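Residue numbers (the numbering used here): 597 to 1028. Ideal Cβ placement from N, Cα and C applies to all residues, glycine included. Predicted model only: the values in this text are computed from it and were never measured.
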């Protein structure tokens, strides 16, 4: 029985499973807040269960690690501008040179720390590095990235596909999908083959690579038929930043519906003026999070009606805002969506990348949200205001409350033990 299967039994135990002395290295890819926040929360839970924890991430999100009581180890992450520019043009996020640097840094870290288990969130090179170093590897991913997931990806709107009319773009992308799925991660496959590892036929195998993959989702929200035997549902990993001030809502959301608004760390912030204008037109108050002081001043100048009808901040407690919010308007990022659903709050999503689109689609399919088009934001707001999505959001809140991710996680890591080295490092010293 592999670890993914065993957790289903172990997590049913009423007592929390703990096991000291296991050493766990977390490596987070800092291209978005969620990819750092989720493993940071898991790392804190592991430390509280008695495990020795190391946490590596980019300097950009080191504050997240510190927020969870961790001491961050700096590790390279490509710039988010490069990442999203390549993605928008349908290119792989990393060059061969990026990949080789990543693997070198990861192997050096594992050699120095000698962990029993290494855990990565969207750190696609980690399965290669862990194999090289002989360390057991767990990849964290959302279930909609599973190779068996049925959800449809849209073609990129930039590059070659961006030159085509929408109908032709969709038809051509659908016809080329098997080839596109195989070729998208060609740089990583090239490096894998240089290590003697097989290439993958589907880029999603890279997203969910490693010895085991844990899906950070509710099975009822992102269901799969017959996932791979070494994959399992860990459950939603919902991070709430600690120590943030509560928003000064005063009278907001008492006489009018309150909308919690955020574009997160990776949404299209250019949409904020239009979103705010439509919300004011729908007679809503607003709690707007994630915007710096200079952005707040620009937004207030562009949408003067916000004065007296909104609270704006770079950071404030989302829990406090969601406790009073009627609905959320966001980028569809899994962090914000799960925070909202945990509170029983439906979501209007305006996604701008494939990950956000897949999370948004799952939320809409469950009846707990709407995927809004940029030219019909007001229509989506009116639809969520009529209350039809609230009951589904509350049902998902009950499901989240009943799905003990922390216990499932502790059951998983309780079995962490030193994986046998697959190959001596010296044998591969000159490879790649």
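- Of 905, 933, 963 and 939, the smallest CA-CA separation from residue 945 is found for 933.
- Judged by beta-carbon spacing, residue 618 lies within the 8 Å limit of residue 1009, meaning their Cβ atoms are closer than that value.
- In the structure shown, residue 648 adopts extended strand secondary structure according to DSSP, grouped into three states.
- With contacts defined by Cβ atoms closer than 8 Å, residue 728 and residue 832 do not form a contacting pair.
- One alpha carbon belongs to residue 639, the other to residue 650, and they sit about 8 Å apart.
- A straight-line Cα-Cα distance of about 18 Å links residue 877 and residue 943.
- Ranked by Cα distance from residue 699, the options 635, 671 and 679 are led by 671.
- In chain order, 725, 728 and 729 place their CB closer than 7 Å to the CB of residue 703, counting only its own chain and leaving out the 5 sequence neighbours on each side.
- Going by DSSP, residue 622 is part of the beta strand (DSSP E) stretching over 619-624.
- Counting only runs of 3 or more residues that sit fully inside the segment 949-995, the beta strand (DSSP E) segments are 965-967, in chain order.
- Three or more Cβ pairs drawn from the segment 922-939 and the segment 964-984 lie within less than 8 Å of each other, which places the two stretches in contact.
- For the 8 Å CB-CB criterion, residue 920 and residue 879 do not form a contact.
- DSSP links residue 714 through a beta bridge to 621 and 733.
- Within the same chain, and ignoring the five residues on either side of residue 988 in sequence, the residues whose Cβ sits closer than 7 Å to its Cβ are 962, 963 and 964.
- CA-to-CA, the gap between residue 663 and residue 837 works out to about 7 Å.
- Per DSSP, the beta-bridge partners of residue 857 are 884 and 925.
- Beta bridge pairing from DSSP links residue 944 with 925 and 966.
- If you ignore the 5 residues before and after residue 653, its C-beta comes within less than 7 Å of the C-beta of 624, 626, 632, 661, 668 and 671, all in its own chain and listed in chain order.
- DSSP places residue 669 in the strand class (E or B) of the three-state scheme.
- Counted as a single uninterrupted DSSP element, the alpha helix (DSSP H) harbouring residue 787 occupies residues 782-790.
- For residue 909, the enclosing beta strand (DSSP E) has its first and last residue at 906-909.
- Annotation for residue 810: the continuous beta strand (DSSP E) segment containing it runs 808-811.
- By alpha-carbon distance to residue 688, the top candidate from 780, 674 and 913 is 780.
- In this structure, residue 895 lies away from residue 903, with their beta-carbon atoms at least 8 Å apart.
- For residue 829, the secondary structure class from DSSP, reduced to helix, strand or coil, is strand.
- Residue 852: not part of any alpha helix (DSSP H); DSSP gives it neither H nor E.
- Under DSSP, residue 653 forms a beta bridge with 670.
- The three-state secondary structure of residue 685, taken from DSSP, is coil.
- If the five residues before and after residue 973 are omitted, its C-beta is found closer than 7 Å to the C-beta atoms of 870, 871 and 874, all from its own chain and listed in chain order.
- Nearest in C-alpha terms to residue 1003, of all of 971, 817 and 829, is 829.
- Taking 8 Å as the cut-off, the beta carbon of residue 863 is found no closer than this to the beta carbon of residue 931.
- DSSP, reduced to helix, strand and coil, places residue 744 outside both helices and strands of the structure shown, so it counts as coil.
- Looking only at 818, 846 and 915, the smallest Cα-Cα distance to residue 906 is reached by 846.
- A distance below 8 Å separates the beta carbons of residue 737 and residue 804.
- DSSP places residue 705 inside the alpha helix (DSSP H), whose first and last residues are 692-709.
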